[in-house]
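Q: To convert, note that position 10 of the sequence shown is 10 in UniProt numbering; the numbers rise steadily by one, no gaps.
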Amino acid sequence: MEKQVNTQASNVAWKGKKVLGSHSGTIDLKDGKFRMENDEIKGGEFVMDMTSITVTDLKGEDKAGLEGHLNSDDFFGVDNYPTSKLVITSIAQKEDGTYGVVGNLTIKDQTHPVTFDLDWNDNTATTKLSIDRSKYNVRYNSGSFFSGLGDQTIYDNFDLNIELKFK
Numbered sequence: 001m002e003k004q005v006n007t008q009a010s011n012v013a014w015k016g017k018k019v020l021g022s023h024s025g026t027i028d029l030k031d032g033k034f035r036m037e038n039d040e041i042k043g044g045e046f047v048m049d050m051t052s053i054t055v056t057d058l059k060g061e062d063k064a065g066l067e068g069h070l071n072s073d074d075f076f077g078v079d080n081y082p083t084s085k086l087v088i089t090s091i092a093q094k095e096d097g098t099y100g101v102v103g104n105l106t107i108k109d110q111t112h113p114v115t116f117d118l119d120w121n122d123n124t125a126t127t128k129l130s131i132d133r134s135k136y137n138v139r140y141n142s143g144s145f146f147s148g149l150g151d152q153t154i155y156d157n158f159d160l161n162i163e164l165k166f167k
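1. What's the C-alpha gap between Lys-85 and Thr-26?
2. I need the DSSP call for Asp-79, collapsed to helix, strand or coil.
3. Leu-160 and Val-12: beta carbons closer than 8 Å?
4. Identify which residue in Asn-157, Thr-124, Glu-163 has its Cα closest to the Cα of Val-19.
5. Who pairs with Thr-89 in a beta bridge, going by DSSP?
6. Which partner residues of His-23 appear in the DSSP bridge assignment?
7. In the DSSP assignment, what residue or residues form a beta bridge with Ile-53?
8. For the putative contact between Gln-4 and Lys-33, defined by C-beta atoms under 8 Å, what is the C-beta separation to the nearest angstrom?
9. Below 8 Å, how does it come out for the region 49 to 66 and the region 87 to 105: are there three or more Cβ pairs, yes or no?
10. Quick check: Glu-40 and Gln-93, are their CB atoms within less than 8 Å of each other?
Structure, rendered in structure tokens:
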């Protein structure tokens, strides 16, 4: 059995940090589902609409400028890579009731393993994860690849806070 995600009711919030601050926003979920057996999650697949990246901590020209830059090849190159994808490869319920999840995350045609804990309650899944953008060829102003950036350095890890509602 499959449980289909309600993309309109779900929320994916991101936060990226730099030496002198941070920026935050949202990304829309395009599609997703859990594979279920006997009311337990056994797998899943989720697709993010990278063209929907929105900045929520800025307004006006600053907001439009950062959104344009995040969409550009410096960051996520959404013209060439309009989606990213998470495929759950294994999942196991832990003693505390949460699930330990292992999956493959694909961003810009680069796929790497990720692990995270997932809470599942009343058709709602929540999780927080930290992604190293440099593994996905998103290296703009990364201190890991460029020296002398000073206060222009953007940290490699960005955080995702995810709340998925299911039909």
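Even glycine gets a Cβ: it sits at the ideal position worked out from N, Cα and C.
A: Straight from the coordinates:
1. The residue you call residue 85 lines up with position 85 of the sequence shown. The residue you call residue 26 lines up with position 26 of the sequence shown. Cα to Cα, Lys-85 sits roughly 16 Å from Thr-26.
2. The residue you call residue 79 lines up with position 79 of the sequence shown. If DSSP states are grouped into helix, strand and coil, Asp-79 belongs with coil.
3. For this step, residue 160 is matched to residue 160 along the sequence shown. For this step, residue 12 is matched to residue 12 along the sequence shown. Against a cut-off of 8 Å, the Cβ pair of Val-12 and Leu-160 comes out as a contact.
4. Residue 19 sits at position 19 when you count from the first residue of the sequence shown. Ranking the options by Cα distance to Val-19, first place goes to Asn-157.
5. On the sequence shown, residue 89 is found 89 positions in, with the first residue counted as 1. Paired residue(s): none; Thr-89 is not in a bridge.
6. Within the sequence shown, numbered from 1, the residue matching residue 23 stands at position 23. In the DSSP assignment, the residues bridged to His-23 are Gly-16.
7. To locate residue 53, count along the sequence shown from 1; it is residue 53. For Ile-53, which the question treats as bridged, DSSP gives no partner whatsoever.
8. Locating residue 4 in the sequence shown gives position 4, where the first residue counts as 1. Locating residue 33 in the sequence shown gives position 33, where the first residue counts as 1. About 5 Å separates the two Cβ atoms, so the contact holds.
9. no
10. To locate residue 40, count along the sequence shown from 1; it is residue 40. To locate residue 93, count along the sequence shown from 1; it is residue 93. Taking 8 Å as the Cβ cut-off, Glu-40 and Gln-93 qualify as a contacting pair.
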